[in-house]
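Protein chains in written order, with the numbering used here: chain A, 2 to 241; chain B, 2 to 241.
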DNA sequence: TTTTTCGTGTTGTCATACAAATTTCTTTAT
DNA sequence: ATAAAGAAATTTGTATGACAACACGAAAAA
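Below, the structure is given as structure tokens:
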């Protein structure tokens, strides 16, 4: 009896079936990355469906970043990019964003970023170090009245640290979180006098630790830095 | 001069323009979550485009999880679900998976999961605790010869801990990582004699700490647990 | 009032045609 | 023979019209 009701919602449309079919072929590497898909006409014949249904399946696959469609040329299986994954996370976090989540974002940063600093100290390349040092210079000469730019550079610093871990999972995790920070800017960087110098001081110490590949010190400094941030945030919260 | 070449690839198709248009309306909450979109016919008139182009835009939006299309009924802006974000991460990690990434997955778990255990101890609800305890029972009475089931329950344990943090960012981060673990199973759980009892012991201690909301002990036990895992993994690596 | 039936609107699929971009081949000029 | 120019074929993008499959509500029947 219940089985009848279960079927509701499970009715796949034809184009969805086609989509799964092609997706499976890609996942199983039967269609290797970079390979050209058969043309629409050929696929229509193979699946014995109309061009409409096929195309709607293809549109979905391209929206999800599995294939790339070039007008007049053809379709290829794309090397799925980290950017695709980050984009969809951005979308999700963006739509979900809510002031109530701010404390959870801070909680996550407080928990993860010291560990990330540690990993960065262990795995950083010379190029990572160069990026971090460039960020310090940028931050130092940034107009202190331009709070927008200031917090952008600050965010970039933390992203650079995440990238210096060399661990793609860390990057995918933290990029969307940091993309959310500008929306918290008005809450946190509320024109606190002299805060910039303090922040810069912490950043310098973190970079020093990463330069010398001193994992424990990188951990501690990042923790101290974010603790300070937390305090500033709490001070603001009291004012509201 | 170069500007001419830059334009290559930026040529948006009509359906892409429509897609961005509707996406923007959703992001700006002009189309609130749960609201019904105008019918295809109406949208065609509004945008002054053919049904073909419009529908392809809609297919893309639904593939990305922004809208839900119900045959015969209509289209609604979906309350974007965590599942959508996790799904796309799963796809990315799945296609990217490579034995070389195993060490980075372990690295991430070693860095993050102790902190996660700490957060879980601080934030867990009674229901979280019940789930964790149920998992312990399940694990205990699991047939030790069924290594597949055994590692599934193990993974589930760590997911329960992540969920007990109550922090959605933590869950989104860890779910796809743990979905990858079954593919590492053969590498790690290579029929190590007596390993199950040791694992169960750690799990119990972690749950105890979470029950008593002892954050530091939860941290330490999780760290010890994963350190042990790491050793088992390294032992295997030597054998290859 | 309750149930059934039917009509209307909505999305799904099909077929055909042409536009626009790209590739391939042919022709032509050097 | 080689290279450039152009024509032809191929491929994706859009438009149009038609019908099928499904959902929902209103009207009709019990």
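Heads up, the beta-carbon is just placed ideally off N, CA and C, and yes, glycines get one too.
Computed from a prediction, not measured in an experiment: that's the story for all the values here.
With a Cβ-Cβ cutoff of 8 Å, do residue 118 (chain A) and residue 223 (chain A) count as a contact? The sequence position of residue 118 (chain A) within the first chain is 117, counting from 1. The sequence position of residue 223 (chain A) within the first chain is 222, counting from 1. The answer is yes: Cβ separation under 8 Å.
Selection from A:218, A:12 and A:103 that minimises the alpha carbon distance to residue 183 (chain A): For the purposes of this step, residue 183 (chain A) is identified with residue 182 of the first chain, where counting begins at 1. Here the closest residue by C-alpha is A:103.
What's the C-alpha gap between residue 39 (chain A) and residue 62 (chain B)? For the purposes of this step, residue 39 (chain A) is identified with residue 38 of the first chain, where counting begins at 1. For the purposes of this step, residue 62 (chain B) is identified with residue 61 of the second chain, where counting begins at 1. Distance between the alpha carbons of residue 39 (chain A) and residue 62 (chain B): 25 Å.
Would you call the segment 103 to 115 of chain A in contact with the segment 95 to 102 of chain B, where contact means no fewer than 3 C-beta pairs closer than 8 Å? no
Checking 8 Å against the spacing of the C-beta atoms, do residue 140 (chain A) and residue 154 (chain A) come in under that value? For the purposes of this step, residue 140 (chain A) is identified with residue 139 of the first chain, where counting begins at 1. For the purposes of this step, residue 154 (chain A) is identified with residue 153 of the first chain, where counting begins at 1. The answer is yes: Cβ separation under 8 Å.
For residue 35 (chain A), write down the residues that DSSP places opposite it in a beta bridge. One-based indexing of the first chain puts residue 35 (chain A) at position 34. DSSP output for residue 35 (chain A) lists no bridge partner at all.
Given 8 Å, three or more beta-carbon pairs between the segment 12 to 30 of chain A and the segment 57 to 74 of chain A: yes
Which stretch, first to last residue, makes up the alpha helix (DSSP H) that contains residue 138 (chain B)? In the second chain, residue 138 (chain B) corresponds to position 137, counting from 1. Unbroken alpha helix (DSSP H) run through residue 138 (chain B): 127 to 141.
Give the range of the beta strand (DSSP E) segment to which residue 68 (chain B) is assigned. Residue numbering aside, residue 68 (chain B) sits at position 67 when the second chain is read from its first letter. Element bounds for residue 68 (chain B): 68 to 71.
What did DSSP end up calling residue 75 (chain A) once you bin it into helix, strand or coil? In the first chain, counting from the first residue as 1, residue 75 (chain A) sits at position 74. The answer is strand: DSSP assigns residue 75 (chain A) an E or B state.
Go ahead and pull the three-state DSSP assignment for residue 85 (chain B). Counting from one through the second chain, the residue named residue 85 (chain B) turns up at place 84. Reduced to three states, the DSSP call for residue 85 (chain B) is helix.
Give a yes or no on whether the C-beta atoms belonging to residue 65 (chain A) and residue 86 (chain B) are separated by under 8 Å. Along the first chain, one-based indexing puts residue 65 (chain A) at 64. Along the second chain, one-based indexing puts residue 86 (chain B) at 85. No, the Cβ-Cβ distance between residue 65 (chain A) and residue 86 (chain B) is not below 8 Å.
Kindly indicate if chain A contains any beta-carbon less than 8 Å away from that of residue 4 (chain B). Here residue 4 (chain B) is taken as the residue at index 3 of the second chain, counted from 1. Confidence at residue 4 (chain B) is low in this model, with a pLDDT of 36, below 50, so its placement is unreliable and no value can be given for it.
Does the contact criterion of 3 or more C-beta pairs under 8 Å hold for the segment 116 to 131 of chain B versus the segment 197 to 213 of chain B? yes
Which bits of chain B does residue 171 (chain A) rub up against, with CB to CB less than 7 Å? Position 170 of the first chain, counted from the first residue, corresponds to residue 171 (chain A). Near residue 171 (chain A) (Cβ distances below 7 Å), the residues of chain B are 109.
Does any residue of chain A have a CB that is nearer than 8 Å to the CB of residue 203 (chain B)? Here the question's residue 203 (chain B) lines up with position 202 in the second chain. Closer than 8 Å: no.
Just confirm the distance between the C-beta atoms of residue 25 (chain A) and residue 41 (chain A), as a whole number of angstroms; I'd bet it's less than 8 Å. The residue given as residue 25 (chain A) occupies position 24 in the first chain. The residue given as residue 41 (chain A) occupies position 40 in the first chain. Not confirmed; about 19 Å, so no contact.
Out of B:32, B:157 and B:54, point me to the one whose CA is closest to residue 14 (chain B)'s CA. Locating residue 14 (chain B) in the second chain gives position 13, counting from the first residue. Checking every option, the nearest Cα to that of residue 14 (chain B) belongs to B:54.
Using a Cβ-Cβ distance cut-off of 8 Å, determine whether residue 37 (chain A) contacts chain B. By 1-based counting over the first chain, the position of residue 37 (chain A) is 36. It does not; no Cβ of chain B falls within 8 Å.
Short of 6 Å in beta carbon distance, which residues of its chain neighbour residue 133 (chain B), apart from the five on each side in sequence? Order them along the chain. Counting from 1 along the second chain, the entry for residue 133 (chain B) is found at position 132. Excluding sequence neighbours, residue 133 (chain B) sits near 161 and 208.
Using beta-carbon positions only, say whether residue 218 (chain A) and residue 130 (chain A) come within less than 8 Å of one another. Translated into positions along the first chain, residue 218 (chain A) becomes position 217. Translated into positions along the first chain, residue 130 (chain A) becomes position 129. No, they are not a contact pair.
Taking the alpha-carbon of residue 77 (chain B) as reference, which of B:93, B:37 and B:27 has the nearest alpha-carbon? Numbered from 1 along the second chain, position 76 holds the residue referred to as residue 77 (chain B). It is B:37.
What distance in whole Å lies between the Cβ atoms of residue 234 (chain B) and residue 107 (chain B), which are believed to be in contact at a cut-off of 8 Å? As a first step, residue 107 (chain B) must be located in the second chain, where it is residue number 106. As a first step, residue 234 (chain B) must be located in the second chain, where it is residue number 233. With 8 Å as the limit, residue 107 (chain B) and residue 234 (chain B) qualify as a contact, their Cβ atoms being about 6 Å apart.
Whole-Å CB distance - residue 123 (chain A) paired with residue 168 (chain B), under 8 Å assumed: Mapped onto the first chain, residue 123 (chain A) falls at position 122. Mapped onto the second chain, residue 168 (chain B) falls at position 167. About 26 Å; that fails the 8 Å criterion.
Would residue 56 (chain A) pass as an interface residue toward chain B - the criterion being a Cβ-Cβ separation below 8 Å? Numbered from 1 along the first chain, position 55 holds the residue referred to as residue 56 (chain A). Yes, because at least one Cβ of chain B sits closer than 8 Å to the Cβ of residue 56 (chain A).
Could you confirm whether any beta carbon from chain A is found closer than 8 Å to the beta carbon of residue 162 (chain B)? One-based indexing of the second chain puts residue 162 (chain B) at position 161. Residue 162 (chain B) does not count as touching chain A.
Evaluate residue 227 (chain A) with the Cβ neighbour count: other Cβ atoms within 10 Å of its Cβ, from every protein chain shown; 16 or more gives buried, anything less gives exposed. Taking the first chain and counting its residues from 1, the one referred to as residue 227 (chain A) is at position 226. Buried.
Provide the residue span of the alpha helix (DSSP H) that contains residue 50 (chain A), from first to last. Sequence index remark: in the first chain, residue 50 (chain A) carries index 49 (1-based). Unbroken run through residue 50 (chain A): none, as it is neither H nor E.
Same chain, Cβ closer than 8 Å to residue 185 (chain B), neighbours up to 5 away in sequence not counted: Position 184 of the second chain, counted from the first residue, corresponds to residue 185 (chain B). Here the set comprises 103 and 106.
Identify, in the order they occur along the chain, each residue of the same chain with its Cβ nearer than 6 Å to the Cβ of residue 69 (chain B), setting aside the five sequence neighbours on each side. As a position in the second chain, residue 69 (chain B) is number 68, starting the count at 1. Counting only Cβ-Cβ distances below 6 Å, and skipping sequence neighbours, we find 77 and 79.
Would you mind telling me which residues of chain A sit closer than 7 Å to residue 180 (chain B), beta carbon to beta carbon, in chain order? Counting from 1 along the second chain, the entry for residue 180 (chain B) is found at position 179. Within chain A, no residue comes near residue 180 (chain B); the closest Cβ sits about 12 Å away, beyond 7 Å.
For residue 215 (chain B) and residue 31 (chain A), what's the separation of their Cα atoms in angstroms? Residue mapping note: residue 215 (chain B) aligns to position 214 of the second chain, counting from 1. Residue mapping note: residue 31 (chain A) aligns to position 30 of the first chain, counting from 1. Looking at the two C-alpha atoms, the distance is approximately 50 Å.
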